[in-house]
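Everything in the sequence shown is counted per the UniProt record's numbering, starting at 1 for the first residue and increasing by one.
Ideal placement from N, C-alpha and C gives every residue a C-beta, glycine not left out.
Written out below as C-alpha cells is the structure these notes cover.
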Amino acid sequence: MKNLAGLMKQASQMQARMEEMQAKLETMTIEGSAGAGMVHVTLNGKGDMKAVKIDPKLADPEEMEMLQDLIVAACADARKQLDEHASEEMKKVTGGMNLPAGLKFPF
C-alpha cells in the first residue's frame with residue numbers, strides 16, 4: 001500500500017505540473033511562415049489563429065490560389081512548431097517518460 005500511495009502522490013504532482021504547463025502554453029504565441037517569409041501566421045498556444053501578415057506583393061488577383069496555398073502552409077508551419085514546443089514541455093513535466101498520446105490525468 002505504501003508504494004501505491006507514493007505512486008498516487010507522484011501522479012498528483014505530475015498532474016499539477018501538466019496543468020501549469022498547459023496554462024503556460026495557452027499564453028504563448030508561435031509564428032509560422034511560408035513563401036520565403038511573404039506570409040506569416042500567428043497561433044496562440046491552443047492552436048487558434050490570431051494574426052495573418054501578407055506581403056502586399058502577393059495581393060495580385062491572378063495569384064489568389066498561390067496566396068491561399070501560402071496561408072495554409074504558414075499555418076501548418078506554425079502548428080508544427082507549436083506541437084514541437086508542447087512536446088518539449090511535456091517531456092520536462094514527465095521527466096522524459098514516454099506516455100501514450102492522449103493520456104489524461106487524473107486516471
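Per DSSP, the bridge partner or partners of residue i
i, result
"residue 146", "With the chain running from 1 to 107 in the structure shown, residue 146 is simply not present."
"MET49", "LEU43"
"THR27", "Looking at the DSSP assignment, THR27 forms no beta bridge with any residue, so it has no partner."
"ILE54", "VAL39"
8 Å contact criterion, which residue i and residue j should meet: CB distance rounded
i, j, result
"ASP77", "SER12", "The Cβ separation is near 37 Å, so there is no contact."
"LYS50", "HIS40", "With a Cβ gap of about 11 Å, LYS50 and HIS40 do not count as contacting."
"GLU89", "LEU25", "7 Å"
Pairwise C-alpha distance: residue j and residue i
i, j, result
"ARG17", "LYS80", "23 Å"
"MET64", "VAL93", "43 Å"
"ASP55", "GLY37", "8 Å"
"ASP69", "PRO61", "14 Å"
"LYS45", "GLY35", "The sequence shown places Gly at residue 45, not Lys. If you take the alpha carbons of GLY45 and GLY35, they lie about 23 Å apart."
"LYS91", "GLY6", "21 Å"
"GLN15", "GLY95", "13 Å"
Beta-carbon proximity list for residue i, same chain, < 6 Å, skipping 5 on both sides
i, result
"LEU67", "LEU58"
"ILE30", "LEU43, ALA78, GLN81 and LEU82"
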